[in-house]
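>
Numbering (the working numbering), first residue to last: 1 to 283.
1. Spatial neighbours of residue 82 within its chain, please: C-beta separation below 6 Å, excluding the five flanking residues on both sides.
2. Quick check: the Cα distance between residue 40 and residue 211, rounded to an integer number of angstroms?
3. Kindly identify the DSSP beta-bridge partner or partners of residue 71.
4. Of the residues 54, 115, 22, which one's Cα is nearest the Cα of residue 63?
5. Taking the DSSP output, what are the residues bridged to residue 184?
6. At the level of alpha carbons, what is the spacing between residue 124 and residue 140?
7. Any contact between the segment 211–230 and the segment 175–193? By contact I mean 3 or more CB pairs, one from each, below 8 Å.
8. Are the Cβ atoms of residue 93 and residue 45 separated by less than 8 Å?
9. For residue 218 and residue 258, which I take to be in contact (beta-carbon distance under 8 Å), what is that distance rounded to the nearest angstrom?
10. Pull the bridge partners of residue 99 from the DSSP assignment, please.
11. At 4 residues or longer, and completely inside the segment 182–258: list those alpha helix (DSSP H) runs for me, N to C.
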């Protein structure tokens, strides 16, 4: 009789990878938010349409997605979208990072909206909202996010696996960014961390990541600044000083360049005040 064999997937390095890959939630918005505007955020967004009686949409430079009930849209970080949302559009928006190694988001290379119809997941969200419970809400949020991430990877043939050797190679640099995140960082310092000359470092980094070193780092810096704006009581001038900008004006110009909104307006829209994130049901 042939003996049964059990696999632990050692050949794929699953166990250590589980410790390196992390899903972090940044914020949640549930309810109604009508109007027409543009937005760019430093985190990924999963927008789940629960109900609508009129016509709503999200669009980017490539496509327009009709937001009918049951639609789920994944918006990558730093991807600008245009909202056109009716007063009746009830939705849940989950803001998250999918991070590997030293806080580097795996969706940073994505530049398109992903969407699909999934009434089953919408039903799961509505069931969660009927009897709010901290554990069940948290577990449901994790489930909805992971299932949508898996769908995205399969349906778009996105190979995150190919990014792993690259991210592993630059782990010392990413760790340096994590502990030295300020406006004074320059390409020469980055090259020094990687023990390469400047010209070789720039050429290799662009080839490996698709970004210039400065653009890559500036997105990390903008993300960190956005976190301070949304979750701290520091003034904008104090945040500018903390990240070593020359003054508040240069910080505001940098922030608006990357997120298409002023620090003051970003703080107004994204402060962690749940009572302001849930609008009353329209009558």
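Just so it is clear, CB atoms sit at the ideal spot from N, CA and C, and this is done for glycine as well.
Per the coordinate set shown:
1. So the list reads 38, 59, once near-sequence residues are dropped.
2. 18 Å
3. 117
4. 115
5. Its beta-bridge partners do not exist; DSSP assigns none.
6. Approximately 8 Å between the Cα atoms of the pair.
7. yes
8. yes
9. 6 Å
10. 22, 105
11. Correct list: 187–193, 198–209, 213–231, 236–242.
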